[in-house]
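Undergrad: According to full-length UniProt numbering, the sequence shown holds residues 1 to 109 in order.
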Amino acid sequence: MADALTLTPAAAKRVATIAEKQVKPAILRLSVEGGGCSGFQYKFDLAEAPEADDTVSETDGVRLVVDPISLDLVAGSVVDFVESLGGAAFRVENPQAAAGCGCGSSFGI
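1. Is it true that the stretch 47-64 meets the stretch 88-99, where meeting means three or more beta-carbon pairs spaced less than 8 angstroms apart?
2. I'd like to know whether the C-beta atoms of residue 28 and residue 70 end up nearer to each other than 8 angstroms.
3. So residue 45 and residue 9 are supposed to be a Cβ contact under 8 angstroms. How far apart are they, rounded?
4. Does the separation of the CB atoms of residue 148 and residue 15 fall below 8 angstroms?
5. For residue 79 and residue 73, what's the separation of their Cα atoms in angstroms?
6. I'd like the span of the alpha helix (DSSP H) that includes residue 20, first residue to last.
7. Could you tell me the boundaries of the alpha helix (DSSP H) in which residue 71 lies?
8. Look at residue 50 and residue 65 and say whether their C-beta atoms are less than 8 angstroms apart.
9. What is the DSSP secondary structure of residue 6, counted as helix, strand or coil?
10. Give me the Cα-Cα distance between residue 4 and residue 76, rounded to the nearest whole angstrom.
11. DSSP three-state label for residue 53, please.
As structure tokens, then:
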């Protein structure tokens, strides 16, 4: 399951920058919560360390961690950092999402 998630180099660079400013380890936690306009929503946090049952993916020294329950909903996803005229945000390209919304942080299966 090590290849279940991918963190792009752009996302890894952004996480490293944020972690350095907050003096925290470069570990991005992706979790899924109920809610949002399409049923589920992505949540991003910096983590102090991976939990024992987390799936961990690493890119350029930055780790992406996901708990087992969230992993069922995001397996195979790519986490990217996108900058556009509308702003800058982490974006999840989730092959399991059957529906999404304009905000890009909510999805349905």
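Ideal Cβ positions, reconstructed from N, Cα and C, are used throughout, including at glycine.
TA: Once the coordinates are examined:
1. no
2. no
3. Not a contact, Cβ separation roughly 21 angstroms.
4. In the structure as shown, the chain starts at 1 and stops at 109, and residue 148 therefore has no counterpart that could be examined.
5. 14 angstroms
6. 9-22
7. 68-74
8. yes
9. strand
10. 5 angstroms
11. coil
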